[in-house]
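A.B. asks: Numbering (my numbering), first residue to last: 1 to 593.
C-beta atoms are modelled at their ideal positions from N, C-alpha and C, and glycine is treated no differently.
This one's a predicted model, so the numbers in the text were calculated from it and none came from an experiment.
Below is the structure I would like to discuss, written out as structure tokens.
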């Protein structure tokens, strides 16, 4: 097969129809041209010459009918079908007259004679043997085999390629390979919608084969055979190591696979796993629904936001830096689900921290700059980190945005812990792949340039954050809203059965203007039927937040860490911009705490 038409082989998939033996076998059945195992070209079959017999067989059948006879034979799917078809065109009868045999022909006595015919336009026409061979482009040897089978009353059956090879593996060896591969523990995909199964990321087929030979040193199994069995008989991949997995999934999987639990306990664990998986997938279904609504309705916007893993500055491949505390750089991402646009807020630890003040300041600033005033429905997606996203400060900011009339409705969604893959994580993946290519980063400006060029499809907007940009949301909301409240549904029940506003127990908050000012509706799970309504307002004066979180504009760095930063800066290459940046860091205020 030509390279242009060859299928792209997927990992773990084989295409036996493209093997050379399959191509040759298929071409021979169809009578087409092919290249044999020696590399020689075998020409396509065609109708032979005129038989030139007394019956004038070729003259009785016109050329178009001869071509029909030829195509009818080679249009059949297999050689067995062709032989059965040819057998049906033959008839035999006992020999009527016998002649005395000479010594030269003793032993060649025939028991029957054959007649040959072809089917032309639903009419059977008798022809000679040579015409029969030439019209069907078959060999005399093949015809003799069919005659012998017909006389013996046996149906033709192709026996080629069915001989047992001397190099064939024994059944016990095959079972041994299957059992060995099945010994390795399998992990299931954590975030995928399909049931992908992975072996440990540190394994390879070569490593597995080495372990097999260590265990069965006398086995005749070769690496090629082991690899072929793994690819064809096992739909397994070698996955990356899982991080941030769900503790509930892990605990239930241990129960399901435990040998110490009875069947009833395992069935209960399996049922809990099904319910848990359905609740976890509800977050992603809601994300897809919001994405669809955003593209259909201009008044709807969805945002996903999260912090990236901390970056270290400077980033230098020097062993001494492993023992030094470096300057931490934080990257906050807001991904617009409607437009797929990404905005980053970047700062180092001397300009801002990673708390609710920062998160609220970034979201508030994004809404003012990037969301038009006609948008009245907002959907927020984030993880369950209590110190950043899931806390009273972010909740009161959403409540304020609704009460002040900026939005008519706001929905805040939190995934089940361990099932929190967000669009931001894809953006972070682009950044990490870009940063891996560079082993030296000396300044914050270099990080900004790398982040800006990380994704070629969607250009990112980057804001460099200063200390004066962070608003003090933590102290602002306490004069407007309550810190806790009892749900409206349980105000008249006994005190020990009342449900307080415990923000960590809920995964879906709704702030709708129709519910009234200061009202938040909480659900234990996303889109759950059971709701709890809380009234949190204590003041009608909705003043906008304006106080600075860091009045000095800078956050002091501890003296010990500053000493480490100075030591790590010795490995930084000399450059004008680099020197200016590190001199500004050394002038930063310090504290002994």
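Can you give the beta carbon distance from residue 136 to residue 92, rounded, assuming they're within the 8 Å contact cut?
C.D. replies: Taking the chain shown and counting its residues from 1, the one referred to as residue 136 is at position 136. Taking the chain shown and counting its residues from 1, the one referred to as residue 92 is at position 92. Actually they are not in contact, since the Cβ atoms of residue 136 and residue 92 sit about 18 Å apart, beyond 8 Å.
A.B. asks: Can you grab the Cα-Cα spacing for the pair residue 592 / residue 562, in whole Å?
C.D. replies: Taking the chain shown and counting its residues from 1, the one referred to as residue 592 is at position 592. Taking the chain shown and counting its residues from 1, the one referred to as residue 562 is at position 562. Cα-Cα distance, rounded: 10 Å.
A.B. asks: Could you give the residue range of the alpha helix (DSSP H) that holds residue 282?
C.D. replies: Counting from one through the chain shown, the residue named residue 282 turns up at place 282. Per DSSP, residue 282 belongs to the alpha helix (DSSP H) from 263-296.
A.B. asks: Under 7 Å: does the beta carbon of residue 303 sit that close to some heavy atom of the ligand NAD?
C.D. replies: Absence of the ligand NAD from the depicted structure is noted, as is the absence of any ligand whatsoever, leaving it without description.
A.B. asks: Given a threshold of 16 other Cβ atoms within 10 Å of its Cβ, counted over all protein chains shown, does residue 608 qualify as buried or as exposed?
C.D. replies: Residue 608 is absent from the structure shown; the chain starts at 1 and stops at 593.
A.B. asks: Between residue 627 and residue 317, which are expected to be in contact by the criterion C-beta below 8 Å, what is the C-beta distance as a whole number of angstroms?
C.D. replies: Nothing about residue 627 can be read from this structure; the chain reaches only from 1 to 593.
A.B. asks: Is the beta carbon of residue 497 sitting closer than 8 Å to the one on residue 490?
C.D. replies: Taking the chain shown and counting its residues from 1, one reaches residue 497 at position 497. Taking the chain shown and counting its residues from 1, one reaches residue 490 at position 490. Contact flag set, yes.
A.B. asks: Under 8 Å, do residue 397 and residue 364 count as touching if we go by C-beta distance?
C.D. replies: Taking the chain shown and counting its residues from 1, one reaches residue 397 at position 397. Taking the chain shown and counting its residues from 1, one reaches residue 364 at position 364. It is a contact, given that the beta carbons lie within the stated cut-off.
A.B. asks: Counting pairs of Cβ atoms below 8 Å between the segment 506-526 and the segment 544-563, do you hit three or more?
C.D. replies: No: fewer than three Cβ pairs fall under 8 Å.
A.B. asks: Do residue 465 and residue 448 come within 8 Å of each other at the CB atom, strictly closer than that value?
C.D. replies: As a position in the chain shown, residue 448 is number 448, starting the count at 1. As a position in the chain shown, residue 465 is number 465, starting the count at 1. For residue 448 and residue 465, no; Cβs fall outside 8 Å.
A.B. asks: Measure the alpha-carbon distance for residue 356 versus residue 558 and round it to whole angstroms.
C.D. replies: For this step, residue 356 is matched to residue 356 along the chain shown. For this step, residue 558 is matched to residue 558 along the chain shown. Straight-line Cα distance between these residues: approximately 22 Å.
A.B. asks: Between the C-alpha atoms of residue 570 and residue 477, what's the straight-line distance to the nearest angstrom?
C.D. replies: Reading the chain shown from its first residue, position 570 is the one you call residue 570. Reading the chain shown from its first residue, position 477 is the one you call residue 477. Their Cα atoms are separated by approximately 45 Å.
A.B. asks: Assess, as a yes-or-no matter, whether the segment 421-439 is touched by the segment 391-410 under the definition of 3 or more beta carbon pairs within less than 8 Å.
C.D. replies: With a cut-off of 8 Å, the segment 421-439 and the segment 391-410 do not count as touching, because too few Cβ pairs lie within range.
A.B. asks: Can you give, in chain order, each stretch of the alpha helix (DSSP H) that sits fully within the segment 388-450 and has at least 4 residues?
C.D. replies: Counting whole runs of 4 or more residues, the segment 388-450 contains the alpha helix (DSSP H) stretches 392-403, 423-436.
A.B. asks: Does DSSP put residue 336 in a helix, in a strand, or in coil?
C.D. replies: For the purposes of this step, residue 336 is identified with residue 336 of the chain shown, where counting begins at 1. Strand at residue 336.
A.B. asks: Measure the C-alpha to C-alpha separation of residue 335 and residue 213 and round it to an integer number of angstroms.
C.D. replies: Indexing the chain shown from 1 puts residue 335 at position 335. Indexing the chain shown from 1 puts residue 213 at position 213. Roughly 51 Å between the two C-alpha positions.
A.B. asks: What does the alpha-carbon distance come out to for the pair residue 348 and residue 260?
C.D. replies: Walking along the chain shown from the start, residue 348 turns up at place 348. Walking along the chain shown from the start, residue 260 turns up at place 260. The alpha-carbon atoms of residue 348 and residue 260 are separated by roughly 51 Å.
A.B. asks: Are residue 413 and residue 380 close, meaning C-beta to C-beta below 8 Å?
C.D. replies: Along the chain shown, read from residue 1 onward, the residue named residue 413 stands at position 413. Along the chain shown, read from residue 1 onward, the residue named residue 380 stands at position 380. Yes, these two residues count as a Cβ contact at 8 Å.
A.B. asks: Would you call residue 289 buried or exposed, if buried means 16 or more other Cβ atoms sit within 10 Å of its Cβ?
C.D. replies: The count along the chain shown starts at 1 and reaches residue 289 at position 289. So residue 289 counts as exposed.
A.B. asks: Tell me residue 93's beta-bridge partners as DSSP assigns them.
C.D. replies: For this step, residue 93 is matched to residue 93 along the chain shown. Residue 93 is bridged to 113.
A.B. asks: Check whether the Cβ atoms of residue 499 and residue 445 sit closer than 8 Å, and answer yes or no.
C.D. replies: Here residue 499 refers to the residue found at position 499 when the chain shown is read from its first residue. Here residue 445 refers to the residue found at position 445 when the chain shown is read from its first residue. Result no, Cβ atoms of residue 499 and residue 445 do not sit closer than 8 Å.
A.B. asks: How long is the line joining the alpha carbons of residue 16 and residue 303, rounded to whole angstroms?
C.D. replies: As a first step, residue 16 must be located in the chain shown, where it is residue number 16. As a first step, residue 303 must be located in the chain shown, where it is residue number 303. Rounded to the nearest angstrom, the two C-alpha atoms are 48 Å apart.
A.B. asks: Going by C-alpha distance, which of 493, 512, 524 is nearest residue 502?
C.D. replies: In the chain shown, the residue the question calls residue 502 occupies position 502. Here the closest residue by C-alpha is 524.
A.B. asks: With distances taken Cα to Cα, identify the nearest neighbour of residue 90 among 151, 74, 353.
C.D. replies: As a working mapping, residue 90 is identified with position 90 in the chain shown. Considering only alpha carbons, the answer is 151.
A.B. asks: Based on DSSP bridge pairs, tell me the residues matched to residue 331.
C.D. replies: The residue given as residue 331 occupies position 331 in the chain shown. 346.
A.B. asks: Does the beta-carbon distance from residue 294 to residue 428 come in below 8 Å?
C.D. replies: As a first step, residue 294 must be located in the chain shown, where it is residue number 294. As a first step, residue 428 must be located in the chain shown, where it is residue number 428. No, the pair does not count as a contact, with Cβ atoms beyond the cut-off.
A.B. asks: For the candidate residues 337, 342, 353, whose alpha-carbon lies nearest to that of residue 330?
C.D. replies: Taking the first residue of the chain shown as position 1, residue 330 is located at position 330. With distances taken between Cα atoms, residue 330 lies closest to 353.
A.B. asks: Between the segment 215-232 and the segment 166-178, do three or more beta carbon pairs fall short of 8 Å?
C.D. replies: Contact between the segment 215-232 and the segment 166-178 is present, because at least three Cβ pairs lie under 8 Å.
A.B. asks: What did DSSP end up calling residue 369 once you bin it into helix, strand or coil?
C.D. replies: As a working note, residue 369 is residue 369 in the chain shown. DSSP places residue 369 in helix when its eight states are reduced to three.
A.B. asks: When DSSP labels each residue in this structure, what does residue 326 get in the three-state scheme?
C.D. replies: Counted from its first residue, the chain shown places residue 326 at position 326. Reduced to three states, the DSSP call for residue 326 is coil.
A.B. asks: Taking residue 282 as the reference, which of 181, 544, 230, 417 has the closest Cα?
C.D. replies: Walking along the chain shown from the start, residue 282 turns up at place 282. Of 181, 544, 230, 417, the residue nearest in Cα terms is 417.
A.B. asks: Near residue 338, what residues of its chain come up, given a Cβ to Cβ distance below 7 Å and the 5 sequence neighbours on each side ignored?
C.D. replies: As a first step, residue 338 must be located in the chain shown, where it is residue number 338. Counting only Cβ-Cβ distances below 7 Å, and skipping sequence neighbours, we find 294, 295, 301, 302.
A.B. asks: Hey, quick one: how far does the alpha helix (DSSP H) through residue 146 stretch, first residue to last?
C.D. replies: Reading the chain shown from its first residue, position 146 is the one you call residue 146. 140-152 is the span of the alpha helix (DSSP H), which, as asked, contains residue 146.
A.B. asks: Using the DSSP secondary-structure output, state which residues sit across from residue 510 in a beta bridge.
C.D. replies: Start at 1 with the first residue of the chain shown, and residue 510 comes out as number 510. Answer is 411, 521, bridged to residue 510.
A.B. asks: From the DSSP output, read off the bridge partner residues of residue 164.
C.D. replies: As a working note, residue 164 is residue 164 in the chain shown. Its beta-bridge partners do not exist; DSSP assigns none.
A.B. asks: Where does residue 548 sit, in a helix, a strand or coil, going by DSSP?
C.D. replies: Position 548 of the chain shown holds residue 548. Residue 548 falls in the strand class under three-state DSSP.
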